[in-house]
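S.K.:
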Amino acid sequence: MAEPSRPGEHFSYVLGLINFIVIFFVVWLLWYVFMHPNGVMKLYTPMYGFSLVVAFLSSVVMLTKVWDINAAPPPEDSSRLTRGIILTVVAVLLMLITVFVIFRGFLGTFGIAYFSPDSIVASGGTGAEPFNARENASTALIYFFTAFLWWALAWNVGFGRWPWNRDTASVVSWSRMLAVIVLTTVTFAVLFHPHVCYLFYPPQNKAGVEPWWSSFAGTASAYFSLGLILCTVAWIIISDLLWEGYPWKSLDRDGEGSLGRGIAAIVGTLILGAITFVILLKVMSVYWMEPFEGGQYTDAPYFRYLHTGEIGGFVVLAAFILAVYFNNFPNLGSLFVRALLRTLIAIAGGLCIYLFYYSSATTFLLGKVPGIAQPDDTPLVWTLLYLTVIMIQADFFQYWPLPRKTARTNEIPKAKMRVAGASGL
65 MAEPSRPGEH FSYVLGLINF IVIFFVVWLL WYVFMHPNGV MKLYTPMYGF SLVVAFLSSV
125 VMLTKVWDIN AAPPPEDSSR LTRGIILTVV AVLLMLITVF VIFRGFLGTF GIAYFSPDSI
185 VASGGTGAEP FNARENASTA LIYFFTAFLW WALAWNVGFG RWPWNRDTAS VVSWSRMLAV
245 IVLTTVTFAV LFHPHVCYLF YPPQNKAGVE PWWSSFAGTA SAYFSLGLIL CTVAWIIISD
305 LLWEGYPWKS LDRDGEGSLG RGIAAIVGTL ILGAITFVIL LKVMSVYWME PFEGGQYTDA
365 PYFRYLHTGE IGGFVVLAAF ILAVYFNNFP NLGSLFVRAL LRTLIAIAGG LCIYLFYYSS
425 ATTFLLGKVP GIAQPDDTPL VWTLLYLTVI MIQADFFQYW PLPRKTARTN EIPKAKMRVA
485 GASGL
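Going by the working numbering, the sequence shown opens with residue 65, and the numbers climb by one from there.
This is the structure in structure tokens:
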């Protein structure tokens, strides 16, 4: 991303606020059409809708962070509306092809049965009926795309174009994609695959080991891994979006990403994510008391782990709103001061979004199940849908209908998860 605005540069916070409100209602409309239980398509079951949203977000991230479509900005006189529509259609098609052709049609049919509801039903056995099969297949997809988002964002923030700094854009894009997919597959196999194999009865213990974290996590659910990864992703985005790429950017070589920067970013954000993960679990134990194996709702260990990721998602959403619609306020002279203030604002904003989501307002607006820890609800679906729409407006439509941001006038960070570098997580 380009550098944020500096004091004295004109930015209309009123227009930013109006845009934010409009986007809120765009997200609500999309939710009503696709997810609302009394809406049109009713995809929020919840896992089926969850899997489609995270797959759509992954498609947007693939285009913007892995293939880096904004590396060469279009001409100033080009139509942002046309460009945005075309790229949005491409992202939708990429999502549909990935979910229904690659995973369900190919991998689920000829390789790994749990990626396809039809293959699960055809295998027979306890619970092999269409609804449960689709939920279990969707759960596997959620886990895979979560691992993808982690590595795609971490690579973009840490390594950047390394080790292909001197190669063409196409070489960088395809090489980075292959590297991210390999790392995603390994991560999925270790952190998520064991749980998916144990979703069935009898457990598929010849295909996957017993979840290795169950001995100390109090649950075999991979929500343990999901929560830890989402807390880590939150710091990846915060460090890139609000801290302007620092401190990792200080390890650049010749203004480009490097091995040292990549390792530092991955290890550093993982440590921050683990600390956040533990702190949130401690806070929940103080408020709800200690969870226990076999507990339900807020007493369930698997819910506590998932909820850390849900809280991280709220903070990420607040960070995007601050950066995109409020000019990454504040823009002071000191990077340390402005990064600290932005982080505090994002955390406070995340708390406000948390309170809003669990209020009676969303029971009406979203048709969600009232209360916290309901099995049929996770705020991650709404949060990720909101993030996807913000990224589409910023990266695909280049802020349309707001004025196009230029490098030395009124630039604000686009929803591109490395703040320094490109022209507009």
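Think of the CB as a built atom: it goes at the ideal place given N, C-alpha and C, for glycine as much as any other residue.
1) Is the CB-CB distance between Ala410 and Val379 below 9 Å?
2) Apply the 10 Å Cβ neighbour rule to Pro434 and answer buried if 16 or more other Cβ atoms are within range, or exposed otherwise.
3) Mind checking which residues open and close the alpha helix (DSSP H) that includes Lys561?
4) Just verifying my parser: in three-state terms, what is the DSSP assignment at Arg317?
5) So, helix, strand or coil for Tyr310, using DSSP?
6) In terms of DSSP beta bridges, what is Tyr265 paired with?
7) Roughly how many angstroms lie between the CA atoms of Val347 and Gln438, to the nearest whole one?
8) Along the chain, where does the alpha helix (DSSP H) that runs through Tyr361 open and close?
9) Helix, strand or coil: how does DSSP classify Ile133 here?
10) Could you tell me whether the stretch 182 to 196 touches the stretch 211 to 228, where touching means 3 or more Cβ pairs closer than 8 Å?
11) With burial defined as no fewer than 16 other Cβ atoms inside 10 Å of the residue's Cβ, what is the status of Leu466: buried or exposed?
12) Compute the distance between the beta-carbons of Leu151 and Ile456, then report whether it is under 9 Å.
13) Is Ile385 closer than 9 Å to Leu344 when the C-beta atoms are compared?
14) Below 7 Å CB to CB, which residues in the same chain sit around Val118 once its five sequence neighbours on both sides are set aside?
15) How should Gln462 be labelled, buried or exposed, when 16 other C-beta atoms within 10 angstroms of its C-beta is the threshold for buried?
16) Within 10 angstroms of its Cβ, does Arg225 collect 16 or more other Cβ (buried), or is it exposed?
17) Based on Cα-Cα distance, which residue from Phe288, Ile330, Gly175 lies nearest to Asp304?
18) Cα-Cα, which of Thr296, Asn391, Pro101 is closest to Phe36?
19) With 9 Å as the threshold, decide whether the Cβ of Ala412 is near any Cβ in chain D.
20) Between the stretch 79 to 99 and the stretch 410 to 424, do three or more beta carbon pairs fall short of 8 Å?
21) I believe Thr333 touches Thr372 by the beta-carbon criterion, under 8 Å. Please report the beta-carbon distance rounded to the nearest angstrom.
22) DSSP three-state call for Ile245: helix, strand or coil?
23) Looking at Leu370: is its Cβ nearer than 9 Å to the Cβ of Gly291?
24) Would you call the CB atoms of Trp352 and Thr362 closer than 9 Å?
25) Give the C-beta separation of Tyr112 and Arg198 to the nearest angstrom, bearing in mind that I take them to be a contact with Cβ-Cβ under 8 Å.
26) Cβ of Met159 within 9 Å of Cβ of Ser122?
27) Looking at the unbroken alpha helix (DSSP H) that takes in Ile417, where does it start and where does it end?
28) Could you have a look at Pro181 and say whether DSSP puts it in helix, strand or coil?
29) Around the C-beta of Glu475, are 16 or more other C-beta atoms found within 10 angstroms, so that it is buried, or is it exposed?
30) By the 10 Å Cβ neighbour count, where 16 or more other Cβ atoms means buried, how is Leu408 classified, buried or exposed?
31) Whose CA, out of Thr426, Trp277, Leu294, lies closest to the CA of Pro365?
32) Would you report the Cα separation of Tyr178 and Thr162, rounded to the nearest angstrom?
33) Give me, in chain order, the residues of the same chain whose beta-carbon lies closer than 6 Å to that of Met241; leave out the 5 immediate sequence neighbours on both sides.
34) Which residues bound the alpha helix (DSSP H) around Arg147?
35) Considering Cα atoms alone, identify which of Gly175, Thr190, Val342 is closest to Phe264.
36) Using the beta-carbon count (16 or more within 10 Å), is Tyr77 buried or exposed?
M.R.: Taking the structure as given:
1) Here residue 410 refers to the residue found at position 346 of the sequence shown. Here residue 379 refers to the residue found at position 315 of the sequence shown. In this structure, Val379 lies closer than 9 Å to Ala410 by Cβ.
2) Within the sequence shown, the letter at position 370 stands for residue 434. The residue in question, Pro434, is exposed, as its Cβ has fewer than 16 Cβ neighbours within 10 Å.
3) Residue coverage of the chain in this structure runs from 65 to 489, which leaves residue 561 outside it and unanswerable.
4) Locating residue 317 in the sequence shown gives position 253, counting from the first residue. The answer is strand: DSSP assigns Arg317 an E or B state.
5) Translated into the one-based positions of the sequence shown, residue 310 becomes position 246. If DSSP states are grouped into helix, strand and coil, Tyr310 belongs with coil.
6) Against the sequence shown, residue 265 aligns to sequence position 201. DSSP lists Thr190 as partners of Tyr265.
7) Counted from its first residue, the sequence shown places residue 347 at position 283. Counted from its first residue, the sequence shown places residue 438 at position 374. Cα to Cα, the separation comes out at about 19 Å.
8) Taking the first residue of the sequence shown as 1, we reach residue 361 at position 297. Where Tyr361 is concerned, there is no enclosing alpha helix (DSSP H), given that its DSSP letter is neither H nor E.
9) Start at 1 with the first residue of the sequence shown, and residue 133 comes out as number 69. In the structure shown, Ile133 sits in coil (DSSP, three-state: anything other than H, G, I, E or B).
10) no
11) Your numbering for residue 466 matches position 402 in the sequence shown. When all chains shown are included, Leu466 counts as buried.
12) As a working note, residue 151 is residue 87 in the sequence shown. As a working note, residue 456 is residue 392 in the sequence shown. Yes, the pair counts as a contact, with Cβ atoms nearer than the cut-off.
13) Taking the sequence shown and counting its residues from 1, the one referred to as residue 344 is at position 280. Taking the sequence shown and counting its residues from 1, the one referred to as residue 385 is at position 321. The answer is no: Cβ separation not under 9 Å.
14) The count along the sequence shown starts at 1 and reaches residue 118 at position 54. Within the same chain, Val118 has close Cβ partners Ile206, Phe209, Thr210, Leu448.
15) Here residue 462 corresponds to residue number 398 of the sequence shown, with the count starting at 1. Classification of Gln462: buried, given that the 10 Å Cβ count is 16 or more.
16) Within the sequence shown, the letter at position 161 stands for residue 225. Flag for Arg225 reads buried.
17) Taking the first residue of the sequence shown as 1, we reach residue 304 at position 240. It is Ile330.
18) The requested residue 36 does not occur in the structure, where the chain is confined to residues 65 to 489.
19) Absent from the structure: chain D. Only one protein chain is present.
20) no
21) Looking up residue 333 in the sequence shown gives position 269. Looking up residue 372 in the sequence shown gives position 308. At roughly 15 Å, the Cβ-Cβ gap does not stay under 8 Å, so Thr333 and Thr372 are not in contact.
22) Here residue 245 is taken as the residue at index 181 of the sequence shown, counted from 1. Ile245 falls in the helix class under three-state DSSP.
23) The residue given as residue 370 occupies position 306 in the sequence shown. The residue given as residue 291 occupies position 227 in the sequence shown. Yes, these two residues count as a Cβ contact at 9 Å.
24) Counted from its first residue, the sequence shown places residue 352 at position 288. Counted from its first residue, the sequence shown places residue 362 at position 298. Against a cut-off of 9 Å, the Cβ pair of Thr362 and Trp352 comes out as a contact.
25) Within the sequence shown, residue 112 is the residue found at index 48, counting from 1. Within the sequence shown, residue 198 is the residue found at index 134, counting from 1. About 6 Å; that satisfies the 8 Å criterion.
26) Here residue 159 refers to the residue found at position 95 when the sequence shown is read from its first residue. Here residue 122 refers to the residue found at position 58 when the sequence shown is read from its first residue. Going by C-beta atoms, Met159 is nearer than 9 Å to Ser122.
27) Residue mapping note: residue 417 aligns to position 353 of the sequence shown, counting from 1. That run of the alpha helix (DSSP H) goes 399 to 421.
28) Here the question's residue 181 lines up with position 117 in the sequence shown. If DSSP states are grouped into helix, strand and coil, Pro181 belongs with the helices.
29) As a working mapping, residue 475 is identified with position 411 in the sequence shown. Low confidence applies here, because Glu475 scores a pLDDT of 42, under 50, leaving its location unreliable; read the following figure in that light. Burial call: buried.
30) As a first step, residue 408 is located in the sequence shown; it is residue number 344 there, counting from the start. That one is exposed.
31) The count along the sequence shown starts at 1 and reaches residue 365 at position 301. Ranking the options by Cα distance to Pro365, first place goes to Trp277.
32) In the sequence shown, counting from the first residue as 1, residue 178 sits at position 114. In the sequence shown, counting from the first residue as 1, residue 162 sits at position 98. The straight-line gap from Cα to Cα measures roughly 15 Å.
33) As a working mapping, residue 241 is identified with position 177 in the sequence shown. The answer, listed in chain order, is Val130.
34) The sequence position of residue 147 within the sequence shown is 83, counting from 1. 144 to 160 is the span of the alpha helix (DSSP H), which, as asked, contains Arg147.
35) The residue you call residue 264 lines up with position 200 of the sequence shown. If we check each option's Cα against that of Phe264, Thr190 comes out closest.
36) Counting from 1 along the sequence shown, the entry for residue 77 is found at position 13. When all chains shown are included, Tyr77 counts as exposed.
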